[in-house]
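Q: Line by line, the protein sequences give chains A and B. First residue of the first sequence: 205, per the working numbering; consecutive thereafter. First residue of the second sequence: 1208, per the working numbering; consecutive thereafter. Where is the CB? At the ideal position from N, CA and C, for every residue including glycine.
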Amino acid sequence: GENVGLHLPTLSVQEGDNSIINCAYSNSASDYFIWYKQESGKGPQFIIDIRSNMDKRQGQRVTVLLNKTVKHLSLQIAATQPGDSAVYFCAVQGSNTGNQFYFGTGTSLTVIP
Amino acid sequence: EPEVTQTPSHQVTQMGQEVILRCVPISNHLYFYWYRQILGQKVEFLVSFYNNEISEKSEIFDDQFSVERPDGSNFTLKIRSTKLEDSAMYFCASRADRGGYTFGSGTRLTVV
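#1: With a cut-off of 7 Å, does the C-beta of residue 207 (chain A) fall near any C-beta of chain B?
#2: Roughly how many whole angstroms lie between the Cα atoms of residue 1297 (chain B) and residue 313 (chain A)?
#3: Name, please, each residue of chain B whose Cβ falls closer than 9 Å to the Cβ of residue 259 (chain A).
#4: Could you tell me whether any Cβ in chain B is nearer than 7 Å to the Cβ of residue 304 (chain A)?
#5: Are there any heavy atoms of the ligand SAM lying less than 6 Å away from the beta-carbon of residue 1212 (chain B), as far as the coordinates show?
#6: Below 9 Å on C-beta distance, what does residue 1238 (chain B) contact in chain A?
#7: Are the CB atoms of residue 1213 (chain B) and residue 1279 (chain B) nearer to each other than 7 Å?
#8: Helix, strand or coil: which one does DSSP assign to residue 253 (chain A)?
#9: Starting from residue 298 (chain A), trace the beta strand (DSSP E) both ways and give me its first and last residue.
#10: What does a CB cutoff of less than 6 Å around residue 276 (chain A) pick up in its chain, not counting 5 residues either side in sequence?
#11: Rounded to a whole number of angstroms, what is the C-alpha to C-alpha distance between residue 1222 (chain B) and residue 219 (chain A)?
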């Protein structure tokens, strides 16, 4: 299986600052990783993904970093905005765990105007 | 942008009753999933469905649960004889091939 954990359950940042949300996983065979954003009352929304053959991937204002050596994943949000306030989950899929994803417990990001 | 649609958004049911949660996945997707999220806890995998059969299920998905794709568009989760601990958000998801899911907005099930 897989054990996915997030380092901080809550994070508060000033508007305009950068945010970093971390995630650790346990299965070295995990090869596909996704960050999801979940706003209150809504389902998880895809933000960005990365496969194990990469260590960095950038999107619009978001960057995902993957360190396979220590089994660590991070999400960086540049110039955080009030609309970024949500719970962020990492989801991990392994080549030996079928096609299900294992989710972390989530970090609640609050952006202070 | 294509969406996964779930109905109802909130379902209240008496303990012991049966409920059916409905989902309309994205039309060209082939893989379908149910996840649940108990309040304040992780999103947990229940079951995956491909080619009209269950491809994978978790320990949570016992005989109380069943899934069905009754026609070309709907994907349902049936919970028989609901228990208080079945109260949770239930999310349907779909994907085209190996890649990220698209989740629905969820059905909040409250068992009283």
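A: This is what the structure holds:
#1: The Cβ of residue 207 (chain A) sits no closer than 7 Å to any Cβ of chain B.
#2: 23 Å
#3: Within chain B, no residue comes near residue 259 (chain A); the closest Cβ sits about 19 Å away, beyond 9 Å.
#4: yes
#5: Within the structure as shown, the ligand SAM is missing, as the structure has no ligands at all.
#6: 303
#7: no
#8: Strand.
#9: 290-298
#10: 228
#11: 45 Å
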